[in-house]
Amino acid sequence: MNPAGLPLGHYVPGPSPIHNVGPGLKLLSLVVFIVVVTWFNTSWWVLLVAACLLSAGYALAHVPVNVAWNQFRPLLPILILLGAFQWWQNSWQYSLSVTVGLALSVMAACLVTLTTTIPQLVSAIEKAVAPLGKLGVPVGNVSLALMLTIRVIPLEFKIIHDVMEARAARGAGWSIRAVFSPVLIRSIKKAQDLSEALWARGAE
3 MNPAGLPLGH YVPGPSPIHN VGPGLKLLSL VVFIVVVTWF NTSWWVLLVA ACLLSAGYAL
63 AHVPVNVAWN QFRPLLPILI LLGAFQWWQN SWQYSLSVTV GLALSVMAAC LVTLTTTIPQ
123 LVSAIEKAVA PLGKLGVPVG NVSLALMLTI RVIPLEFKII HDVMEARAAR GAGWSIRAVF
183 SPVLIRSIKK AQDLSEALWA RGAE
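First residue of the sequence shown? That's 3 in the numbering used here, and the numbers climb one at a time after it.
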């Protein structure tokens, strides 16, 4: 597969320092990163430091610029819509900080999935939630659900981007209903395919 055409969050094998970091530490770092960026999203110093750290992470992971851009490009329509709505509701400064914070958070999640295999993610999450097993919580199902959440969010952005790009190619006008319907249909189809794959592998 052409690296530049990789879908959002698709694992890219490699011997980089980021690949060699334990999946548990990467997940913990991701949670801390998102919490800090979300909590302090009105502080431009925090966002700037977060952007520098994220850029360094992609560089250390040896992710090519075109692959990184392919991860970011599907987010643009969503960020533009969110930014326009926040500007209308609040101010352009708040709008910009919210959209930048969201972009950084999603790109951080993409970096984790680009450098961590699904089995590694499941294993790390299982270890994190293992104590809940003493309370009767189905640890395997919980860890699988959390892992799927991390993977599905970037894929959902990709579906929205593909729908909007297809409409633009046909010269179709903008309509929330016209975009929402195919996005919903594709999302349901993707969910059905995923459930069938899990069922075939014996997941409950």
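For glycine and all other residues, C-beta sits at the position ideal for the given N, C-alpha and C.
Since the model is a prediction, treat every value here as computed from it, not as a measurement.
- Within the model, the alpha-carbon separation for N92 versus G16 is close to 43 Å.
- In this chain, the alpha helix (DSSP H) harbouring A110 covers 94 to 116.
- Excluding residues up to 5 positions away in sequence, P25 lie with their Cβ nearer than 6 Å to the Cβ of Q122 in the same chain.
- DSSP places Y60 within a helical segment (H, G or I) once states are collapsed to three.
- Here the region 22 to 40 makes contact with the region 100 to 111; the two share three or more CB pairs at distances below 8 Å.
- V33 and W94 have their C-alpha atoms spaced approximately 27 Å apart.
- Two segments are said to touch when three or more pairs of C-beta atoms, one from each, lie closer than 8 Å; by this definition the region 67 to 75 does not touch the region 122 to 135.
- Annotated as proximal: T117 and A63, with beta-carbon spacing under 9 Å.
- Classified as buried, I20 has 16 or more neighbouring CB atoms from the shown chains inside 10 Å of its CB.
- With respect to A52, F74 sits apart: the two C-beta atoms are not nearer than 9 Å.
- Linking A111 to N43 through their CA atoms gives a straight-line distance of about 17 Å.
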